[in-house]
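Let me begin by presenting the structure, written as structure tokens, before commenting on it.
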Amino acid sequence: MNVIPMFASAGITGFESPASDYRQLPLSLDELLVEHPSATFIGKASGESMQGVGIFDGDILVVDRHVTVRDGDVIVANLNGEFICKLLDVPRRLLLSANDKYSSVAITKHDIFTIEGVVIRSIRCHRQSPLLCSR
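So the mapping is simple: the numbering used here equals the position in the sequence shown, first residue as 1, plus 3.
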């Protein structure tokens with residue numbers, strides 16, 4: 004991957020062409036974003052309930068099934084057949100939103116609940132990718 008060293012601040016009106024000076028990094032986005040390739044899946048966030056932790060509608064979630072789930076982690080779970088992304092409150096058995104507009108959800112003994120993985124990264128696309136469009 005070629006990286007162009009470019010530093011720009013908001014309100015900048017112009018800068019030298021960064022293409023004249025670039026360097027090769029021995030790094031791929033897969034290596035940067037995925038720790039356990041065979042235990043990782045990608046999902047797309049929907050809704051506004053996780054905005055307080057920087058996850059917005061349409062963001063891409065990198066979810067790792069290999070890492071140990073800890074209290075306070077952002078997780079993807081299946082709750083009664085619905086996939087959700089929430090903060091996990093282990094001691095109180097709650098799924099928390101990161102937006103005050105949404106209530107917490109108690110996990111009861113009557114619920115069918117499985118943790119699918121821990122969100123280890125989120126990615127915001129500023130232009131829609133044809134790979135991520137619904138078909």
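For glycine and all other residues, C-beta sits at the position ideal for the given N, C-alpha and C.
All of these numbers come straight from a predicted model, not from anything done at the bench.
Quiz item: With distances taken from CA atoms, which of Q131, Y105, H39 and S125 is nearest T71?
Solution: Looking up residue 71 in the sequence shown gives position 68. Of the listed residues, the one whose Cα sits closest to T71 is H39.
Quiz item: Closest to R68 by CA distance: which of L32, D114, R130 and V37 is it?
Solution: By one-based count along the sequence shown, residue 68 stands at place 65. Ranking L32, D114, R130 and V37 by Cα distance to R68 puts V37 first.
Practice problem: Alpha carbon to alpha carbon, how far is V66 from D33? Give it in angstroms, no decimals. | Solution: For this step, residue 33 is matched to residue 30 along the sequence shown. For this step, residue 66 is matched to residue 63 along the sequence shown. Their backbone Cα atoms lie some 13 Å apart in a straight line.
Quiz item: What number of angstroms, rounded off, separates the C-alpha of A11 from the C-alpha of H129?
Solution: Working through the sequence shown from its first residue, we reach residue 11 at position 8. Working through the sequence shown from its first residue, we reach residue 129 at position 126. With a pLDDT of 48 at A11, under the threshold of 50, the modelled position of that residue is not reliable, and the figure given next carries that caveat. So the two alpha carbons sit approximately 17 Å from each other.
Self-check item: Limits of the unbroken alpha helix (DSSP H) element including L90
Solution: As a first step, residue 90 is located in the sequence shown; it is residue number 87 there, counting from the start. Careful: L90 lies outside any alpha helix (DSSP H), inside the beta strand (DSSP E) at E85 to D92.
Quiz item: Among L30, P29, S31 and G46, which residue has its Cα nearest to the Cα of R124?
Solution: By 1-based counting over the sequence shown, the position of residue 124 is 121. Cα-wise, what sits closest to R124 is G46.
Practice problem: Write down the C-beta distance between G55 and A101 rounded to the nearest angstrom, noting that I regard them as a contact closer than 8 Å. | Solution: Within the sequence shown, residue 55 is the residue found at index 52, counting from 1. Within the sequence shown, residue 101 is the residue found at index 98, counting from 1. So it is a contact: roughly 3 Å between Cβ atoms.
Exercise. Measure the CB-CB distance between D114 and L91 and report whether it falls below 8 Å.
Key: Indexing the sequence shown from 1 puts residue 114 at position 111. Indexing the sequence shown from 1 puts residue 91 at position 88. Not a contact, by the Cβ cut-off of 8 Å.
Quiz item: Which residue from D103, L98, L134 and V122 puts its Cα closest to that of T111?
Solution: Position 108 of the sequence shown, counted from the start, is the residue given in the question as residue 111. When only C-alpha atoms are compared, the closest one is L98.
Quiz item: Where F86 and V79 are concerned, what is the direct C-alpha to C-alpha distance, given to the nearest angstrom?
Solution: The residue given as residue 86 occupies position 83 in the sequence shown. The residue given as residue 79 occupies position 76 in the sequence shown. Computed Cα separation, rounded: 7 Å.
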